[in-house]
Structure formats: C-alpha cells, structure tokens
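2 protein chains.
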Amino acid sequence: MNLLDLVVGKPIKTSDERAEQIGSAQGIPIFGLDALSSAAYGPEAALSLLIPLGLAGVRYIVPISAAIIALLVIVYFSYRQTIAAYPSGGGSYTVARFNLGPGAALLAAAALLADYILTAAVGISAGVGALVSAVPSLLPHTVVICVGILIVVTVLNLRGVRDAGTAFAIPTYLFLGTLLITIAGGVLRVAFSGGHPVPASPLPPPPRMTEAISYWLLLKVFASGCTALTGVEAVSNGVKAFREPAVDNARRTLTVIIFLLAVLLAGISYLVNVYGIAATDPGAPGYQSVLSMLTAAVFGKGVFYYLTMGSILFVLSLSANTAFADFPRLCRAIAQNNYLPHVFGYRGRRLVYTWGIVALALLCGGLLILFGGVTDRLIPLYAVGAFLAFTLSQAGMVVHWRKNRGPNWLQKAVVNGFGAFVTGITVVVVLVAKFADGAWITIIFIPLTIVFFAAIRRHYHSVRMITSCRVPVRPPGADESPIVVIAVDHWNDITRRGIEFAARLSPDVVAIHIEPTEEHPEPLETDWSRFVERPFRAAGREPPKLHVMPSPYRFIIVPIVQFVLELSKAHPERSIIVVIPELVEDRWYEYFLHNQRARLLEWVLLARGNERIFTVSAPWYVGARTQPGTPKT
Amino acid sequence: MNLLDLVVGKPIKTSDERAEQIGSAQGIPIFGLDALSSAAYGPEAALSLLIPLGLAGVRYIVPISAAIIALLVIVYFSYRQTIAAYPSGGGSYTVARFNLGPGAALLAAAALLADYILTAAVGISAGVGALVSAVPSLLPHTVVICVGILIVVTVLNLRGVRDAGTAFAIPTYLFLGTLLITIAGGVLRVAFSGGHPVPASPLPPPPRMTEAISYWLLLKVFASGCTALTGVEAVSNGVKAFREPAVDNARRTLTVIIFLLAVLLAGISYLVNVYGIAATDPGAPGYQSVLSMLTAAVFGKGVFYYLTMGSILFVLSLSANTAFADFPRLCRAIAQNNYLPHVFGYRGRRLVYTWGIVALALLCGGLLILFGGVTDRLIPLYAVGAFLAFTLSQAGMVVHWRKNRGPNWLQKAVVNGFGAFVTGITVVVVLVAKFADGAWITIIFIPLTIVFFAAIRRHYHSVRMITSCRVPVRPPGADESPIVVIAVDHWNDITRRGIEFAARLSPDVVAIHIEPTEEHPEPLETDWSRFVERPFRAAGREPPKLHVMPSPYRFIIVPIVQFVLELSKAHPERSIIVVIPELVEDRWYEYFLHNQRARLLEWVLLARGNERIFTVSAPWYVGARTQPGTPKT
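If you're matching them up, the sequences are chains A and B in order.
Read left to right, the first sequence gives residues 8 to 640 (my numbering).
Read left to right, the second sequence gives residues 8 to 640 (my numbering).
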C-alpha cells in the first residue's frame, strides 16, 4: 500500500472532490496541450506539402492558415454554447445522444476514441522524433523513450487532475512564452526593416519548384493543417473537472486556448511568409523544422533558440496528456449507458477514472511498440475522427436549441448550424484528401467499434434481465443440511482444523483422499481411525466417512471434481460444500514451495460445477505459529 | 484439454510406465546427444587455441586428444560401476549423499544443475551460430531461432522419454554415420597415399606462427577439450528410464556412447594432424569450422559434404536434449530430500518431471535472451561443474565399496579412486586455466545455490514441524454455529440465492452493503424488507440483518474486510463464514464486463484474515439460464 501511495498518491475522499477541481490556469495545460502543441506541427505539415512549389509555395500558407483559423473560431463559438448547455460535461457523445439518438452518439464516440488513441501515440512519437533528430545517439532507444514518456504521463494522470495540471504548467507556459516572444520579436523586426527583414541566422537555400499549383494540392494542404483542431473537444467533456463556477471557468479556459492557438498560427504563418521560409525535406540531410528556422531567423542561434526548441520538444511529447484527460471521461460517459464495461465508470483512489487511463495507456503503448515509435503513418488517420465528432456535436446542438427554444434560440442554432455545416464539409475534404493515405482505415474501424459497443450493451441487458428477481427469499426448512466434502492429503494440523470446520457445517461429512501411488507413503487410514473416528464415536456422533480413491493418471484435481459432480447428481436436492484446507504462508515467495492445488481445485469447481456446489477455503496460517507477536487464531 | 493432448500427448497411466521405458537404441540419442555432439566442437575448441602456433601447433592435437580420451575411458569405467551399484539412478548427487554426506551432495547438485543449464544454452546457440554463419540472412533472427529450438526440445521432452528418443534418433544416427564414413574414408586415403593424402578440396592457407609453445597454453588447450566430457553423467541418473534389465541396458548405452565418442575424437584428431588442418579465426572473414575443412578435404564439397554439415548443425542445436533428459531427474532427486520445491518430484501426464523440464526451459531461455543467443562467453563457465560432479561421484563410490565390501571391492574402489583422482586434478586444471575467463563465477554461484537449497529444506522442515499434529479432532458441540456475512450489491437473483445459501449455514446472517455514493442509485432497503424480511418473518424466523456502510473513499473491498475483521475480534469464540455471490459467465472474455471484486475480496480475506474466517463462493451460472440444453441448477 505504501508503494502505491508513493506512486499514485494517497486516496482522496469523494466529498473532497472540490479540492481536486481546477481553475482555468491549470485547465490550459491539461485540456489545451494537444491543441496548442499543434502550432508546432500544423504549419510544418502544411508547408511540407508545399515544398514542390518552391519558394512560391510559401505564400499560400497565409490564406490556408486564415481558413483554418476561421474554422477554429467557428468551432470555438459552437463549443462555448455547448459547455453552457451541458454543464455536467457535453462532449459530442453526450450531445449527440440527447439530440440525435444512440446511433449518432456511438458514431461520435467511436470516432473520438480512435482519435484520442492516435493523438496520444502520434504526440509522443513526434516529440521523441524531434528529440532523436537533435541527439542522434538516442535513435536506437526510440521505443524505450516513447514508453517511458507514456508511463510518466499515465502515472501523472493517475495521481489526479490537479497533479497533472501542476506538472504540465511550467513546460506549457514556457512553450507559449518563447513562441509568443519569437512572434512579437519577428513582427517588430519586420516593422523596423520596412517589410524586408534580414534573417539573424542564414536560412537554408529554398527548394526548387518541381510542380505547378493545383486545387487538389491546396485541398491536401488544408486537410493537413486541420490536424491543428484536434483536442478542441476536450474542454467540453471535462466541465466537471473545473471549480465552481464550472461553466465560466471552462469557457474561460476554452477562450484562452483558442485565442492563443489562433495567435500562434497567425503569427507563424505571417512570419514564414515574410521571411520566405520554405519547409525542408524531413528525410533529406540538413533537415530543419520550420519553427527552428523561424526562431533562428528572428533571434539567431543563441540561448533563447535552444530554450525555445527544448520547450517545443517537451510540449510535443507531453501533448498526449489531453487525450489522457478526455479519453477516460468519454469512456465513463459511454460505460454509463452500458456500451463499455462498467469499470470505466469507477473512480479510483485519486477521483480519476483509473480504467480509462490504463486502457488508453495500453492501447497507445501497443501502437507505439507495434510501430517502433515511428507513427508518421498514423497521421493521415486522425483528424477524420475529430471533425466527425465536431459535426455531430454541433448538429446535435441545433436540435437541442430547437427543442428547448430558450431566449435567442434561433441565433444560437444558427451559430451551431453554421459550425456543423463547415466542419461537415471539412470531414468530407479531409476524408477525400487523405483517403488513399490511410483515412479508409477509419471507415472500417468506426463501424466495428460500434458493433462492439452494441454487443456489450446487449450482454449487459441480457444479464440484467436474467438476474433480475421479483421472487422473495425462501427461508431454510427443517432438514436442509448440506453435504460437506473435504479433500484430505495426509494427517496434520491443517487437516484437523479443516475437519473440525466441516463437521460444524453439517453432520454429513465425506473426506476424500486421492492415492497417486507414489507421492505419500504415509498410511492415512491409521491416523484417521485414531484421530478422527475415535473422538467422534466417543462423542456419540457419526464420524466423517473417509473415501480413498486411486489415481492411475496421477491427477489430483480431476478425480476430486468428478467425485463432487457425481455426488451432486446423486443428490439433486442437496447443496454440496467443498472445504479446501489451505496453508497460508507469510511471504509470497514461499507459495512456490507448496503446491497450489487448493486454488486450482477452487477454479475448476467454479468452472465446471453448478449452483448447488460451493467451495470454502479453510486457511491455516503459518505465521500464527511462527511469530508469537501476531496471534491469528 | 484437446489442445494439450495434441501438443503434449494423452495422459499415461502410472502402471503403463513400462511401455514408456526405452532400450539402448533410443538411449543413445536421449542421453548421448550432448556427449557425442561435443565431437563437433571439442577438437575445434582445442585447435582454436593452437592457432598462434601456426601449422606446427596442429601436431599437439594428437597427444592432447589422447589425454582426453584416456580421461573419458577412466570416467567410463567409474560410471559403469556406479550404474550397477545404484540401479534406481545414481548420479553424483545420489552417490555423494549416500557416501559423503549432504554437504558434498549439495555441492555436486549445484555444480551439475549449473552445468546443465549452461550446456543447454550453449548447445542451442552453438547450433544456431553454425546455421547463421551458413545462411547470414538469418543473423538478425538468432534469438528467435534459439527460442524456437528451445520450445521444440521442451515440448518433445514434455511428450515423454520415448517420443523424445524417437524424434532425435534420425539426426543422431545420421550425424554418427556421416562422421564415421568421413573418418573411415580419410583413413583409407591416408593409407593409399602412403601417409601424404592430397585434399580433395583445397584447404585455406595455414595461419602464421606468432607465439612459441608453452605449458600454460597446452594446459588451456586440454581444459578446453575437456568440455567434450560434459553429459557423460546423464546415463547414470537415468537408469530408471531404461527397460528391464535396466542396468544392462543403461551400461550398454553408456558403452556405446563412450566408444563412439572416443572413435570420433581419435579419428578427427588423427586426420586433422595428417592433413595439416589448422583452425581458422571464427571472427575473421573466410572462417570455416575444422569439421567442414576435414570433410571437404576427404570427400570434396559434394552432396555428402552438405549432408554431413547439415547433420552436425542439427545435432549441435539439439544437444540441449541431454540436459533436458537429466536436469529434471536430478531436480526430482534433490526435491525428494526437500532441498527443492516438491513440485519437481511430480510426474506429469506423460510420466516425465514436468516442472524440471519447464524450469530448465525458462532458465535456459532466460540465458539465451539475455545474451542475445550468443553464449560464447558462457563456454568457460562450464566443464568445472561437470568435473566437480565426476570427482564427488567417484570419491563417493570409493566410500561405497569400502562400506559394502562385496567381491573384488578393492579392485572396484581402485578404479573409482583413480577416476576421482584424475577428474579431481582436471577440476583444478580447468578452474585455473579458465579462472580469469569466467570460471570464477562458478565459485560464487555454487555456494549461493547451496545456501538456497538449505533454506528450502529448513522451510519444509519448519512447516512440517508446526503442521504435524497428534491431537484428535474435536467433534462439534451443541452451540457452535458460525456467523455468516454476505456481501450484497443490489437486489437480484444472485443476491437471492446467496442469502438462501447463507441462511442454511447458520441462523446468524449479516448482510453488508457498501454505499459508494455514486454507483448504485437503486434503493436496496425497500427490496430488502419486501423480498427478505417479510418471508423470514412469515416463516417465524429472524431475518438476516442488513448493514449499510458508506464508503467515503469509494473502496468496496477494504470496508468489507474491516467489518469482517472487527466482527471476528468481537466474537473471538465463533467462526465467520463470508459468502461471496459470484456471477459465472459462459465465456472467459465476458469476465471483463463484470467486476472481479468477488475474487479480490476472497484474496484479501485470505491474506489478512485469520483461521476462524472462511470464504465461500456462491456461484450463479449465466449459462444455466441462457442455454436450456445444459441445466446447471
């Protein structure tokens, strides 16, 4: 227990939930890390696709960024409204479920779950990728570093929302600070130089133009840039994590996140255009990331440059945290409707949904190990899920406003409707632009997940139906004593206590002894008549019967189970209690020194038995005899 | 069960043991593979050390091989006598135990166990090493191939002695046949060419002489060549595996193995000397094994060459089998004296010592994975163990003959005494010659193992003492009914059946319900009064008490365990039976859909409880309700 306390922290009372809740200052690192970190790779992803256009391609970054920022603002206004309407947590799943029905809700849920798993894996491997390209000697350890970061993020999240927020605050604000200073410095230099700044550090030569501009290329650039919007959903699912007034705090957090992201995207694309920074080929030697070139161009390669690069690297690899904040909450909402195992709804010792965190860690770890920590190929897969969820959420909100018809309902419905329309179009754009690159996998994965959800709910429903009971308990009659079966190995104190216990359960006790010909040469029969039959007869009671069975195949468990099943068949009206005497050691490793047949027998009886067969462990504690200080009897 | 039957084979009756026993034809592949395969690496190991002497070094191989063969013959005569004297299996451990006392026995046991683990690992990796040097594209898969071979050998051994003998017969006899033909062909060519044969295939240029001959070098060559003797012990431990007359069969097997090994060693060293074949550096390009050069020199690189090379490779990688034949028998002998867990003495479904086989597979697999399948560095470690065991075994036999004083006892004692003397000197030689290369690890490992053995025996002894019982059973008195505690979640059929069972165990039932504030909003109390209290009152009985406990930390198990422990403290004279109603699913994966608190509660109660607390599973089978064909009630 002490180790668990140390790693995960001491348990928190349900009633102390308030102390675990967060304000907007902590909300930004927890729920915003994913969205904000996309400033580091969104423009880069877009510019990479523009390489074939040469230096001329760079100027397209401004209109495309403008389109993405416009989309961001639309989504922002929609989610602002959603937070207010669903103060107990209104992600796409919840909103779709209340307004569009279970089908749409499951579609949103499947899309989002897939998206979070991918976001977490891609975030970690992108961060580690940046690290190993800076320190190439770490390259062979890519997977180990990925899994190490995953474990850190998992443990921090298991420690509770507040601890995670505190841990991620410094890198997040360092990242924001350095990037904003770079942008501000760049804008000032542009102003002082009359629009033609000279880079403080020389830029690599621009790529040669090898292709002409096409609408298809611009569409793909836009679709790539849209990955910047994943993670925007997180705040709306996590309203309950905020301190009261929760809605105001959540909305303020969302506002700050979206505002900062918009500033970063706008600033970066403006400066990239003015300085004429083209992306370099990540596969080729001399590769440098866009932000690296930009920071070096503005301030040169000094201390500030390395501070900025370090914080980018840190934030990228921790961006998985947003998935960890939201995935468990989403799983819990789904589990509450019986579409996922109920354990996802249990809050662990630190008031977080332990099982959701563990499930995400395992799935994400599996992806990282499967792909050797290089998850580039997964990038086309995501964004589809996020935009599908956005669309469903906002379409749901339109229905919500129409149903409730509060003040200004039409105006609100128009905001959400416009959002749904724009994000819906984006889904189609992203799906078409990335279809061949892997987005088709989404089309297969999402329906399968929905089938899985439905199967789970069907199972819960059927169990609930058949276990439901409107029949009262039948009090015991006069003659309903069970038959007690006890497995006896040889005569010792464990056997004696077991028989004493068995005899107190019923007057009808059968002892069964398996004789595997070679193991126990001690004659049980003499001990039996002396230590069991004699005292019972003296007390005027029927002694337990001893049943010795040979075991030609040296099996121990199988003949006992067969005996019990036959006994149960022969007495269809009676219960059978199987008493299993068991030696309990002090130290776990001592278990290897004794056979674990007791435990195995219990399992086999449970699996092959029936409802009139019960198994009892009769423990016999070694510690009670060897350590006089701790009496066990 | 069907899968197990397929992989491991159907169970064999203890009384059918005879059919599983083997003759000498099968005994050679089972117990001789290790010894015979050393013909493939023993001369090679010796010649490798002679490389610095150039072509002149090759002639030293003849006297050194002669010394090793002499040692082999001495050990052979000693073990022949041991087999007759200990027909139920007389390895070093048994002989030392009966004649030299437990200390010497444990020394022999530790040395031999270490040796078998190393032999198995080195055998497999040597075979795979030869394979990957022939097919370099397999190099990256070294570990996987090693583990694959290990699994095959393990499964074959789990299938029983006879199956293993059958499977290994063909490669063993192919190996013997091709090598003997090569030697015979070589000798004939030498004869026809008047002592100066011309190689059929040109030999690589001999190495240049870089060092002068020294006694120290010759000592190291001899110590290296001695690895050929490991595995000779195996037959004497496995006498019981042979068909009657077991002693004769075992002795015949040993004779054939030793004879063949001597012929191979003599033939190879003779031909190597005549042809002037010097070893090539295994690390350098153009490396060729000595046997490869020899076979090519005699017959050229035709079909026969590749057949020979293939069979060598096969036999090398399967030489681990001897360790698998003997290690489990040795473990069993040790376990029978309580120095190892008793499970090592249990014979599995195919009459083999399953646990010994599994333990060796795990230890050997661990070594292979740890060293990446390249276990060259382990070679210096072994041979010390084998020769230590030889020495102790033969010293024990000297004492044996002196005690028993049968006919010709003095003569027999002299044979064994000479054997002990010579092998004893060899231990010192091997230890000194290989000390710096790693033999020092043996000096640390063996005492630690002995301490471990002693600790296990002490534990068994103390458990045996405190569980031993000369007190008769106390028949139940009039008023000794237990208190029954039942954990109730919410009202359903599982709960109903649990309470009915609890009420039949004792009139004194306490139902305990944990209220973790958020999970079950259904009011249990109304159902309780309607379905439990009312029928009990109607029958004129006291209904079970319902005890509702809040759980501020959302723990379920902890408050139940605390309640039970406090109840037990409050009633120190009464037993407490904890009834745990449990839903049993049809399919294993459905378990994930229901919490496994029943099982966890049982474990925690066992670990933290006392001897008056008993736990009962009350199973409720879903299958009994959903599949009308299989009635469970």
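Beta carbons are placed, not taken as given, at the ideal position from N, Cα and C, and that holds for glycine.
Below 9 Å on C-beta distance, what does GLU487(A) contact in chain B?
For the purposes of this step, residue 487(A) is taken as residue 480 along the first sequence, with counting starting at 1. Under the 9 Å cutoff, chain B gives ARG511.
Straight-line gap, THR262(A) to ASP255(A) (C-alpha atoms, nearest Å):
Locating residue 262(A) in the first sequence gives position 255, counting from the first residue. Locating residue 255(A) in the first sequence gives position 248, counting from the first residue. If I take the Cα positions, the gap works out to 10 Å.
Buried or exposed for GLU589(A), please, with buried defined as at least 16 other CB atoms from any protein chain shown within 10 angstroms of its CB.
To locate residue 589(A), count along the first sequence from 1; it is residue 582. So GLU589(A) counts as buried.
Could you confirm whether any beta carbon from chain B is found closer than 9 Å to the beta carbon of LYS20(A)?
Taking the first residue of the first sequence as position 1, residue 20(A) is located at position 13. So yes, LYS20(A) belongs to the interface.
When Cβ atoms are compared, which residues of the region 492–507 of chain B fall closer than 7 Å to chain A?
TRP498, ASN499, ASP500, ILE501, ARG503, ARG504, ILE506, GLU507
Using only CA atoms, which one of VAL591(B), GLU618(B), ALA420(B), ARG541(B) lies nearest to PRO579(B)?
Position 572 of the second sequence, counting from 1, holds the residue named residue 579(B). The option with the nearest alpha carbon to PRO579(B) is GLU618(B).
Under 9 Å, do GLY293(A) and THR302(A) count as touching if we go by C-beta distance?
One-based indexing of the first sequence puts residue 293(A) at position 286. One-based indexing of the first sequence puts residue 302(A) at position 295. No.
Can ALA546(B) and PRO489(A) be called in contact, C-beta distance under 9 Å?
Sequence index remark: in the second sequence, residue 546(B) carries index 539 (1-based). Sequence index remark: in the first sequence, residue 489(A) carries index 482 (1-based). No, these two residues do not count as a Cβ contact at 9 Å.
Just the Cα atoms here: how many angstroms apart are VAL150(A) and ILE131(A)?
Here the question's residue 150(A) lines up with position 143 in the first sequence. Here the question's residue 131(A) lines up with position 124 in the first sequence. Distance between the alpha carbons of VAL150(A) and ILE131(A): 10 Å.
Contact check, ALA59(B) vs VAL279(B), beta carbons under 9 Å
Within the second sequence, numbered from 1, the residue matching residue 59(B) stands at position 52. Within the second sequence, numbered from 1, the residue matching residue 279(B) stands at position 272. In the sequence as displayed, the identity of residue 59(B) is Pro instead of Ala. Taking 9 Å as the Cβ cut-off, PRO59(B) and VAL279(B) do not qualify as a contacting pair.
In this structure, how does DSSP classify TRP498(B) when only helix, strand and coil are distinguished?
On the second sequence, position 491 is the one that residue 498(B) refers to. Of the three classes helix, strand and coil, the one that applies to TRP498(B) here is coil, per DSSP.
Give the single residue among THR260(A), PRO550(A), PHE249(A) whose Cα lies nearest to the Cα of VAL516(A).
In the first sequence, counting from the first residue as 1, residue 516(A) sits at position 509. The candidate whose alpha carbon is nearest that of VAL516(A) is PRO550(A).
What residues in its chain sit with their C-beta under 7 Å from that of LEU607(B), if we drop five residues either side in the sequence?
Start at 1 with the first residue of the second sequence, and residue 607(B) comes out as number 600. Only ILE564 meet the Cβ criterion.
Distance check for PRO479(B) and ARG503(A), CA to CA, integer angstroms please.
Residue numbering aside, residue 503(A) sits at position 496 when the first sequence is read from its first letter. Residue numbering aside, residue 479(B) sits at position 472 when the second sequence is read from its first letter. Straight-line Cα distance between these residues: approximately 7 Å.
If you measure between the beta carbons of ALA46(A) and LEU272(A), is that distance less than 9 Å?
Taking the first sequence and counting its residues from 1, one reaches residue 46(A) at position 39. Taking the first sequence and counting its residues from 1, one reaches residue 272(A) at position 265. Yes, these two residues count as a Cβ contact at 9 Å.
Would you check if the distance between the CB atom of ILE501(B) and the CB atom of TRP627(B) is smaller than 9 Å?
To locate residue 501(B), count along the second sequence from 1; it is residue 494. To locate residue 627(B), count along the second sequence from 1; it is residue 620. Taking 9 Å as the Cβ cut-off, ILE501(B) and TRP627(B) qualify as a contacting pair.
Taking ARG585(B) as the reference, which of THR179(B), TRP610(B), HIS601(B), GLU597(B) has the closest Cα?
The count along the second sequence starts at 1 and reaches residue 585(B) at position 578. First, the residue type needs correcting, since residue 585(B) is Val and not Arg in the sequence shown. Selected option, being the one with the closest Cα: TRP610(B).
Three or more C-beta pairs below 8 Å linking the region 78–89 of chain B and the region 299–319 of chain B:
no
Beta carbon of SER558(A), beta carbon of ILE587(A): below 9 Å?
As a working note, residue 558(A) is residue 551 in the first sequence. As a working note, residue 587(A) is residue 580 in the first sequence. Against a cut-off of 9 Å, the Cβ pair of ILE587(A) and SER558(A) comes out as no contact.
LEU114(A) by DSSP, collapsed to three states: which one?
By 1-based counting over the first sequence, the position of residue 114(A) is 107. Helix.
Taking 9 Å as the threshold (beta carbon to beta carbon), is GLU51(A) in contact with chain B?
Sequence index remark: in the first sequence, residue 51(A) carries index 44 (1-based). Cβ-Cβ to chain B under 9 Å: no for GLU51(A).
Can you tell which of VAL381(A), ALA117(A), ASN411(A), ILE463(A) has the C-alpha that lies nearest to the C-alpha of SER140(A)?
The residue labelled residue 140(A) in the question sits at position 133 within the first sequence. For SER140(A), the nearest C-alpha among the options comes from VAL381(A).
Can you check which of these residues, GLN88(A), ALA577(A), ALA133(A), is closest to ASN244(A) by C-alpha distance?
For the purposes of this step, residue 244(A) is identified with residue 237 of the first sequence, where counting begins at 1. Comparing Cα-Cα distances from ASN244(A) to each of GLN88(A), ALA577(A), ALA133(A), the minimum goes to GLN88(A).
Candidates GLY363(A), GLY484(A), PHE182(A): which alpha carbon is nearest ASP41(A)'s?
Reading the first sequence from its first residue, position 34 is the one you call residue 41(A). Cα-wise, what sits closest to ASP41(A) is PHE182(A).
Chain B contact residues for GLY616(A), given Cβ-Cβ distances below 8 Å:
What you label residue 616(A) is simply residue 609 of the first sequence in a count that begins at 1. Within 8 Å Cβ-Cβ: PRO626.
Between which two residues does the alpha helix (DSSP H) carrying LEU157(B) extend?
Taking the first residue of the second sequence as position 1, residue 157(B) is located at position 150. Note, LEU157(B): alpha helix (DSSP H), 149–165.
Nearest chain A C-beta to GLY355(B) closer than 9 Å, yes or no?
On the second sequence, position 348 is the one that residue 355(B) refers to. So yes, GLY355(B) belongs to the interface.
Own chain residues within Cβ distance below 8 Å of LEU226(A), not counting five before or after:
For the purposes of this step, residue 226(A) is taken as residue 219 along the first sequence, with counting starting at 1. VAL436, VAL439, ALA440, listed in sequence order.
is_contact[ILE376(A), chain B] using C-beta, thresh 9 Å:
Translated into the one-based positions of the first sequence, residue 376(A) becomes position 369. Judged by the 9 Å Cβ criterion, ILE376(A) is not in contact with chain B.
Within 9 Å of any Cβ in chain B, is that where the Cβ of HIS466(A) sits?
Residue mapping note: residue 466(A) aligns to position 459 of the first sequence, counting from 1. Closer than 9 Å to some Cβ of chain B, the Cβ of HIS466(A) qualifies, so yes.
Integer-rounded CB distance, given that ALA103(B) should sit under 8 Å from LEU399(B)
Within the second sequence, numbered from 1, the residue matching residue 399(B) stands at position 392. Within the second sequence, numbered from 1, the residue matching residue 103(B) stands at position 96. About 5 Å; that satisfies the 8 Å criterion.
By the DSSP assignment, the alpha helix (DSSP H) with PHE229(A) in it spans what residues?
Translated into positions along the first sequence, residue 229(A) becomes position 222. Here the alpha helix (DSSP H) through PHE229(A) covers 222–232.
At least three beta-carbon pairs within less than 8 Å, the region 14–24 of chain A to the region 195–209 of chain A:
no
Through-space distance from ASN499(B) to CYS476(A), alpha-carbon basis
As a working note, residue 476(A) is residue 469 in the first sequence. As a working note, residue 499(B) is residue 492 in the second sequence. Cα to Cα, CYS476(A) sits roughly 5 Å from ASN499(B).
Bridge-paired residues (DSSP) for HIS520(B)
Taking the first residue of the second sequence as 1, we reach residue 520(B) at position 513. In DSSP, HIS520(B) forms a bridge with VAL555(B).
Would the beta-carbon of ARG258(B) be found less than 8 Å away from any heavy atom of the ligand COA?
Absence of the ligand COA is noted for the structure shown, with no ligands found whatsoever.
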